[in-house]
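*Asks:* Numbering (the working numbering), first residue to last: 19 to 301.
We treat Cβ as the ideally placed atom computed from N, Cα and C, and that holds for glycine.
Source: prediction; values computed, not measured.
Just dropping this structure here.
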């Protein structure tokens, strides 16, 4: 995807290296996602990918930490630069969407925190094996670029749109936060059973996928051949049914099936964010 180079005046970025809260260990969801992306985007053996990523994580010390300036954080490596380019494009796209709807004063940029090893957040402690995540309490997207570094070394590069899709999905959770959708859903979850709460979470995740599609759909002029297919494979790869191999009941799904996630992304690609509203309308 041909995005314009970032300008630190247009984005809010933090960076830290070598910080955290102990050793990463165990098969985290982030490892599973990276293994799935490695298989469906690059054709890598998912079990080998998971084992390699875990061995790197388990040997990573995460005490201490060094803060970086925005420029340092965005230029630490090619994936940091890519993330900052993506953040700038997402900011511009969603600011325009809000402006078109007469809600320009409600738009707020999220912060992107690029870290390596571990990080303390307003939502608790984060580590490499969690993968990219969004914290609504501090309105920050957290990405440990060591995931991308490791995957790139194994795959020989490529797959930029899959990574942009992950960033755009987390940005979608930010949109849910500043519009109040997230708060409404969380409130409803406290009043229903665990199974129903999971289904509400699925709706949230599918809407975030849809929002990721809206961003891509509104920037079709920057999309290169094969990008959309890459994004659809990535969405399909991280469906609950595929990641769990059928070993978990659908009542315990929290992100949606492969078919649901692919369809949500496809819906958003039309560029109409109002089409994403249907995912959080509770019937």
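From 298, 117, 200, pick the residue whose C-alpha is nearest to that of residue 154; which is it?
*Replies:* 200
*Asks:* What three-state label does DSSP hand residue 85 in the structure shown?
*Replies:* Residue state, collapsed to three classes: strand.
*Asks:* Can you name the residues that DSSP bridges to residue 125?
*Replies:* Bridge partners of residue 125: none, in fact.
*Asks:* I believe residue 132 touches residue 189 by the beta-carbon criterion, under 8 Å. Please report the beta-carbon distance rounded to the nearest angstrom.
*Replies:* Not really, about 14 Å apart at Cβ, beyond 8 Å.
*Asks:* Residue 26: which of 165, 216, 104 sits nearest, CA to CA?
*Replies:* If we check each option's Cα against that of residue 26, 104 comes out closest.
*Asks:* How many whole angstroms separate the CB atoms of residue 141 and residue 29, which I take to be in contact at a CB cut-off of 8 Å?
*Replies:* With a Cβ gap of about 21 Å, residue 141 and residue 29 do not count as contacting.
*Asks:* By the DSSP assignment, the beta strand (DSSP E) with residue 138 in it spans what residues?
*Replies:* 136–139
*Asks:* Pull up the CB-CB distance for residue 241 and residue 19, whole angstroms please, since I reckon it's below 8 Å.
*Replies:* 6 Å
*Asks:* Which partner residues does residue 143 have in the DSSP bridge list?
*Replies:* 138
*Asks:* In its own chain, which residues sit with a C-beta less than 6 Å from the C-beta of residue 63, not counting the 5 before and 5 after it?
*Replies:* In this prediction, residue 63 scores a pLDDT of 43, lower than 50, which makes its location untrustworthy; no coordinate-derived value is stated.
*Asks:* Would you tell me roughly how many angstroms separate the C-alpha atoms of residue 229 and residue 237, rounded to the nearest one?
*Replies:* One alpha carbon belongs to residue 229, the other to residue 237, and they sit about 13 Å apart.
*Asks:* Using the DSSP secondary-structure output, state which residues sit across from residue 131 in a beta bridge.
*Replies:* Residue pairing for residue 131: DSSP places it in a beta bridge opposite 32, 160.
*Asks:* Could you spell out where the beta strand (DSSP E) holding residue 152 opens and where it closes?
*Replies:* 151–153
*Asks:* Among 289, 214, 295, 247, which residue has its Cα nearest to the Cα of residue 280?
*Replies:* 247
*Asks:* Helix or strand or just coil, what does DSSP make of residue 290?
*Replies:* coil
*Asks:* State the Cα-Cα distance for the pair residue 184 and residue 91, rounded to the nearest angstrom.
*Replies:* 19 Å
*Asks:* Rounded to the nearest angstrom, how far is the Cβ of residue 94 from that of residue 33, given a contact under 8 Å?
*Replies:* 7 Å
*Asks:* Report yes if the C-beta distance between residue 106 and residue 24 is below 8 Å; otherwise report no.
*Replies:* The Cβ atoms of residue 106 and residue 24 lie closer than 8 Å to each other.
*Asks:* Among 100, 295, 135, which one has its Cα closest to the Cα of residue 179?
*Replies:* 100
*Asks:* For residue 118, count the other beta carbons within 10 Å of its own beta carbon; 16 or more makes it buried, fewer makes it exposed. Which is it?
*Replies:* exposed
*Asks:* Given a threshold of 16 other Cβ atoms within 10 Å of its Cβ, counted over all protein chains shown, does residue 31 qualify as buried or as exposed?
*Replies:* With 16 or more other Cβ atoms within 10 Å, it is buried.
*Asks:* Who are the Cβ neighbours of residue 35 in its own chain at under 8 Å, not counting the five residues just before and after it?
*Replies:* 83, 84, 86, 94, 133, 134, 135
*Asks:* Measure the Cβ-Cβ separation of residue 157 and residue 128 and say whether it is below 8 Å.
*Replies:* yes
*Asks:* Take the Cβ of residue 282 as the centre, count every other Cβ of all protein chains shown within 10 Å, and call the residue buried at 16 or more, exposed below.
*Replies:* buried
*Asks:* Using only CA atoms, which one of 206, 275, 98, 113 lies nearest to residue 220?
*Replies:* 275
*Asks:* Answer with buried or exposed for residue 123, where buried requires no fewer than 16 other C-beta atoms within 10 angstroms of its C-beta.
*Replies:* exposed
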